[in-house]
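Trainee: What follows is a single structure, and I will ask about it in a moment.
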Amino acid sequence: MNFWEAMTGSDLTRDWKAFEARAAKLPAEYRAAWEEIKGHLFPYGDFSGRNLMPILDSALGLLEETAADEQSIHDVLGDDIAGFCAALVGGEGARSYRDRWREQLNRNVARKLGRLGG
1224 MNFWEAMTGS DLTRDWKAFE ARAAKLPAEY RAAWEEIKGH LFPYGDFSGR
1274 NLMPILDSAL GLLEETAADE QSIHDVLGDD IAGFCAALVG GEGARSYRDR
1324 WREQLNRNVA RKLGRLGG
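Numbering (this note's numbering), first residue to last: 1224 to 1341.
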C-alpha cells in the first residue's frame, strides 16, 4: 500500500469490492450470514475499518470453504452470530470504537479539569 492509497482509502474500496464479489457466489443462507457478520463486526472497526479487513477476509474464507463442503450455516456458526463475531475480534468484552472514543474523551476532560482545578 502506498501513501496515496492510505490517504484515499482506495485499497479498502478495492478489497471491499473483492469481498462482495466473493460473497455474491455463496448460497443464499451464507450470503445472509455474511451480511449479519459484517453488521456485527463494524462496531469493532477503527475509523477507517482497515483493522477489520483481515478478519473479514478470514470470515469470508470460512464461509466459502464450508459452503464448498455443503455444510449447513447453522453447523458452522451456530445460533449466536454476534458471539462468533465477538470471538473473532478478541472475545467478549472486546473494545469497540465507541469504547475507545469514550476513554479518549474521559482522558481529555480529566486533563482539562485537572488544569482548571490545580
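Glycine included, C-beta positions come from ideal geometry on N, C-alpha and C.
#1: Going straight from the alpha carbon of V1332 to that of D1269, what length do you get?
#2: Taking one C-beta from the segment 1231-1244 and one from the segment 1288-1300 each time, how about it: are there three or more such pairs within less than 8 Å?
#3: Taking 8 Å as the threshold, find out whether the segment 1255-1264 comes into contact with the segment 1224-1231 through three or more Cβ pairs.
#4: Could you tell me which uninterrupted alpha helix (DSSP H) segments, each at least 4 residues in length, are contained entirely in the segment 1236-1274, listed from first to last along the chain?
#5: Of the choices A1247, D1234, Y1267, whose alpha-carbon is the least far from that of W1324?
#6: Taking the straight line between their C-alpha atoms, what separation do you get for L1336 and D1322?
#7: Is it buried or exposed for L1328, if we count other Cβ within 10 angstroms and need 16 for buried?
#8: Here's the rule I'm using: 16 or more other beta-carbon atoms within 10 Å means buried, otherwise exposed. How should A1282 be labelled?
#9: If you follow the alpha helix (DSSP H) that G1306 is in, where does it begin and where does it stop?
Mentor: This is what the structure gives:
#1: Within the sequence shown, residue 1332 is the residue found at index 109, counting from 1. Within the sequence shown, residue 1269 is the residue found at index 46, counting from 1. Each residue's Cα considered, the two are about 22 Å apart.
#2: Of all C-beta pairs linking the segment 1231-1244 to the segment 1288-1300, fewer than three are shorter than 8 Å, placing the two stretches out of contact.
#3: Fewer than three Cβ pairs drawn from the segment 1255-1264 and the segment 1224-1231 lie within less than 8 Å of each other, which leaves the two stretches out of contact.
#4: Runs of the alpha helix (DSSP H) inside the segment 1236-1274: 1251-1264.
#5: To locate residue 1324, count along the sequence shown from 1; it is residue 101. Looking only at A1247, D1234, Y1267, the smallest Cα-Cα distance to W1324 is reached by Y1267.
#6: Looking up residue 1336 in the sequence shown gives position 113. Looking up residue 1322 in the sequence shown gives position 99. The alpha-carbon atoms of L1336 and D1322 are separated by roughly 21 Å.
#7: Position 105 of the sequence shown, counting from 1, holds the residue named residue 1328. So L1328 counts as exposed.
#8: Here residue 1282 corresponds to residue number 59 of the sequence shown, with the count starting at 1. A1282 should be labelled buried.
#9: The residue you call residue 1306 lines up with position 83 of the sequence shown. It spans 1304-1312 - the alpha helix (DSSP H) in which G1306 sits, taken as one unbroken run.
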